[in-house]
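Taking the UniProt record's numbering, I'd label the letters of the sequence shown as residues 1 to 137.
Ideal placement from N, C-alpha and C gives every residue a C-beta, glycine not left out.
Predicted model only: the values in this text are computed from it and were never measured.
Notes for the one structure printed next.
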Amino acid sequence: MMTEADYHRYLAAFNARDYAAMESFFADDFVLENAGFAVRGKEAFRAFYAFFHEYCAEEVTFREFFPGRQGFVAHVVIRFTGLKDLSPKVLADKGYSGMSVVPKGVSVEVEFYIHYLLNEAGLIRYIKGAVWVPESR
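Take a look at the structure:
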């Protein structure tokens, strides 16, 4: 079972863009479901983030860890910062049309509750996030 301490190591690897270290937490056949598309497996994971992090930096800030019977939920805030302009057409062409565009030079913080399911060996087999949208005033 993945512990909160393990998750902090996972987030440190993510924030450092150490994809090899991150992948050590994944089952070979893991799935990341996000914004209307799915990234299936480690190779697709590397390809997705090689593309996305060319256009947008991400920094994850930990808030809380909720352990469960088959995995856990993490409450995090992700700061997205546009590095290069990214159009909806480019996202659609890559198969990621559900994603939002963050313009170059703009930073946006988004609060997430991310559900991680683990396999029998305690490796991440499935990731799906829910976004909290604050009340508009």
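Sort the options by Cα distance to residue i and report the nearest one.
i	options	result
residue 106	118, 125, 113, 85	85
residue 103	95, 83, 109, 121	83
residue 55	126, 20, 88	88
residue 4	134, 20, 100, 71	71
residue 29	2, 45, 69	45
residue 48	1, 125, 94, 135	94
residue 109	2, 126, 131, 96	131
residue 36	117, 91, 12	91
Assuming residue i and residue j form a contact by the criterion Cβ under 8 Å, report the distance between their Cβ atoms to the nearest whole angstrom.
i	j	result
residue 27	residue 119	5 Å
residue 77	residue 111	5 Å
Look at the alpha carbon of residue i and the alpha carbon of residue j, and state the distance between them as a whole number of angstroms.
i	j	result
residue 123	residue 80	26 Å
residue 113	residue 32	14 Å
residue 52	residue 63	24 Å
residue 66	residue 98	27 Å
residue 20	residue 134	34 Å
residue 75	residue 69	17 Å
residue 2	residue 24	12 Å
residue 8	residue 137	34 Å
Between which residues of its own chain and residue i is the CB-CB distance below 8 Å, once the five residues before and five after are set aside?
i	result
residue 14	22, 58, 60
residue 6	25
residue 38	31, 32
Grab me the residues of residue i's own chain with a C-beta within less than 6 Å of its C-beta, minus the 5 sequence neighbours each way, in chain order.
i	result
residue 115	73, 128
*Could I get the ranges of all uninterrupted alpha helix (DSSP H) runs contained in the UniProt domain "SnoaL-like" (8-124), with 4 residues as the minimum, in chain order?*
19-23, 42-55, 88-94
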